[in-house]
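Residue numbers (the numbering used here): 362 to 498.
Even for Gly, the Cβ is constructed at its ideal location relative to N, Cα and C.
What follows is a short report on a single structure.
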């Protein structure tokens, strides 16, 4: 029997000034993560990104760029997911809501640990993109 098909998800790197928003997950797997989640049936990926950001951080995000698509079958131990990762901007103080126990602002130099899923790789790609303009493949 072939494996189940991958499930589409989104993640958002929310920029607030010179920092980014990360959430501490309320449910397994534990760790800090980018705000994000599953795309609902009939929903556009970009709409899901804005919705998930609001649900998990209380911030209204304006998407500014597409960072990339992450599809490694091992990126989520629960099931194979494919994440479309956006960059967005928001103002205000994030709050941990919905699936997030906490939401805080971080810089590249003070990222928390552990980071869930493949978010360490995504953030490394993001910071490289910000410095060089080079997008991940």
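Item                                                                                                      : Value
Unbroken stretches of the alpha helix (DSSP H), 4 residues or longer, contained in the stretch 394-438    : 406-418
For residue 364 and residue 457, the rounded distance between their alpha carbons                         : 34 Å
Bridge-paired residues (DSSP) for residue 444                                                             : 370, 431
Integer-rounded CB distance, given that residue 445 should sit under 8 Å from residue 485                 : The pair is not a contact, with the Cβ atoms about 18 Å apart (cut-off 8 Å).
Test item: CB-CB of residue 481 and residue 385 under 8 Å                                                 : no
Inter-residue CB distance, residue 399 and residue 418 (contact presumed, cutoff 8 Å)                     : No, residue 399 and residue 418 are not in contact; Cβ-Cβ is about 17 Å, not under 8 Å.
Cβ-Cβ separation, residue 467 to residue 436 (assumed contact under 8 Å), whole Å                         : Between residue 467 and residue 436 the Cβ distance is about 21 Å, and since that is not below 8 Å, they are no contact.
Length of the line joining the Cα atoms of residue 381 and residue 428                                    : 14 Å
Counted within 10 angstroms of its Cβ, other Cβ atoms place residue 422 as buried (16 or more) or exposed : buried
Three-way DSSP call (helix, strand, coil) for residue 465 in this model                                   : strand
N- and C-terminal bounds of the beta strand (DSSP E) containing residue 385                               : 380-386
Cutoff 6 Å; reference residue 426; Cβ partners in own chain excluding five residues on either side        : 448
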